[in-house]
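Asker:
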Amino acid sequence: FPVSLLQRSVKVTNEPPAGLKAGVLGALTAEVDQERLDRVESSVWRKSLYVCCFLHAVVQERRRFGAMGWTVPYEFNTTDLDSSLTFLERHMFAASEVSWAAVQYMVGEVHYGGRVTGDVDRAVLRTFVEQWLQPNAMIPGFSLQADKALEGAPHHDSFVFDVPDFAEVEQYLATASGFPEAVSPQVMGLHPNAAVGSRLRESRRLLDSVLETQPRDGATA
4 FPVSLLQRSV KVTNEPPAGL KAGVLGALTA EVDQERLDRV ESSVWRKSLY VCCFLHAVVQ
64 ERRRFGAMGW TVPYEFNTTD LDSSLTFLER HMFAASEVSW AAVQYMVGEV HYGGRVTGDV
124 DRAVLRTFVE QWLQPNAMIP GFSLQADKAL EGAPHHDSFV FDVPDFAEVE QYLATASGFP
184 EAVSPQVMGL HPNAAVGSRL RESRRLLDSV LETQPRDGAT A
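My numbering applies: residue 4 is where the sequence shown begins, and numbers increase by one.
Laid out in structure tokens, this is it:
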């Protein structure tokens, strides 16, 4: 395109939702409807579906924390989530017993892990998958966050991110709508101080954007 045309154009991008609450709501809205929820008559299916949506929101939200979240800003998107849910659905529909090793491999090493190139990032992603997509996560009372704060750090939010089992999609949406607007980075496996660096980067990005809108010839508005 001609440079003059590009300079007069408006750039439009589709960014992932900001915040864990918006991320989970976005994942549920985009990939889960009542028909999909009813495809497998099993509480394990419903809970696993919710866990995958939560996992999707977490891996996207960690990008806000720069190199502390992921060493490379991977472009995770709803295609990864849809592929994971499709595999889960087919596996749970056909198998008499869930093979959690197969589920963890497909979600953590193929659908999401296929984008990950760093060894440390791969280990982090594998840890999330192994902790959340496993038999204990299907037991009532399981929490998707650490049981206690890191030593020497403030305790994480008192809100409990459990794994609900509902028959209606609206109930899952209502649960996600009840999430706090701001959550501790510990929910995403990070130290609470990671939020400081994230807010500084967001502030710099905002200021840079404001400066870029100023007249290039130095004239005052």
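C-beta: ideal position from N, C-alpha, C; glycine also.
Since this is a predicted model, take the numbers as computed values, not measurements.
#1: Kindly list the residues whose CB is nearer than 8 Å to the CB of E205, restricted to its own chain and excluding five residues on each side of it in sequence; keep chain order.
#2: From P157 to S187, what distance separates their C-alpha atoms?
#3: Measure the CB-CB distance between L136 and V106 and report whether it falls below 7 Å.
#4: Can you say whether R207 is buried or exposed, counting buried as having 16 or more other CB atoms within 10 angstroms of its CB?
#5: Which residue from A185, L52, L31 puts its Cα closest to that of H94?
#6: L88 and C55: beta carbons closer than 7 Å?
#7: Within 10 angstroms of its Cβ, does H159 collect 16 or more other Cβ (buried), or is it exposed?
#8: Candidates L91, F96, V119, A97: which alpha carbon is nearest M109's?
#9: Can you tell me whether DSSP reads S99 as helix, strand or coil?
#10: Per the DSSP calculation, S146 is bridged to which residue(s)?
#11: If you draw a straight line from the C-alpha of V163 to the C-alpha of L8, how long is it?
#12: Taking buried to mean at least 16 other C-beta atoms within 10 Å of its own C-beta, is V119 buried or exposed?
#13: Using the Cα positions of N139 and M191, report the straight-line distance between them to the nearest angstrom.
Answerer: Considering the structure as presented:
#1: Locating residue 205 in the sequence shown gives position 202, counting from the first residue. Counting only Cβ-Cβ distances below 8 Å, and skipping sequence neighbours, we find R67.
#2: For the purposes of this step, residue 157 is identified with residue 154 of the sequence shown, where counting begins at 1. For the purposes of this step, residue 187 is identified with residue 184 of the sequence shown, where counting begins at 1. Summary for P157: the model assigns pLDDT 46, below 50, so the residue's position carries little reliability, and this model does not support an answer.
#3: Reading the sequence shown from its first residue, position 133 is the one you call residue 136. Reading the sequence shown from its first residue, position 103 is the one you call residue 106. For L136 and V106, yes; Cβs fall inside 7 Å.
#4: The residue you call residue 207 lines up with position 204 of the sequence shown. Exposed, since its Cβ has fewer than 16 Cβ neighbours within 10 Å.
#5: Working through the sequence shown from its first residue, we reach residue 94 at position 91. It is L52 whose Cα lies nearest to the Cα of H94.
#6: To locate residue 88, count along the sequence shown from 1; it is residue 85. To locate residue 55, count along the sequence shown from 1; it is residue 52. Taking 7 Å as the Cβ cut-off, L88 and C55 qualify as a contacting pair.
#7: The residue labelled residue 159 in the question sits at position 156 within the sequence shown. Note that H159 scores a pLDDT of 47, beneath 50, so its modelled location is shaky; the value from the coordinates is reported in the next line. It is buried - the Cβ of H159 has at least 16 other Cβ atoms within 10 Å.
#8: By 1-based counting over the sequence shown, the position of residue 109 is 106. Of the listed residues, the one whose Cα sits closest to M109 is L91.
#9: Walking along the sequence shown from the start, residue 99 turns up at place 96. Residue state, collapsed to three classes: coil.
#10: Within the sequence shown, the letter at position 143 stands for residue 146. Partner(s): D165.
#11: Your numbering for residue 163 matches position 160 in the sequence shown. Your numbering for residue 8 matches position 5 in the sequence shown. Rounded to whole angstroms, V163 to L8 spans 51 Å at the Cα level.
#12: For this step, residue 119 is matched to residue 116 along the sequence shown. Under this definition V119 is a buried residue.
#13: In the sequence shown, the residue the question calls residue 139 occupies position 136. In the sequence shown, the residue the question calls residue 191 occupies position 188. One C-alpha to the other measures close to 19 Å.
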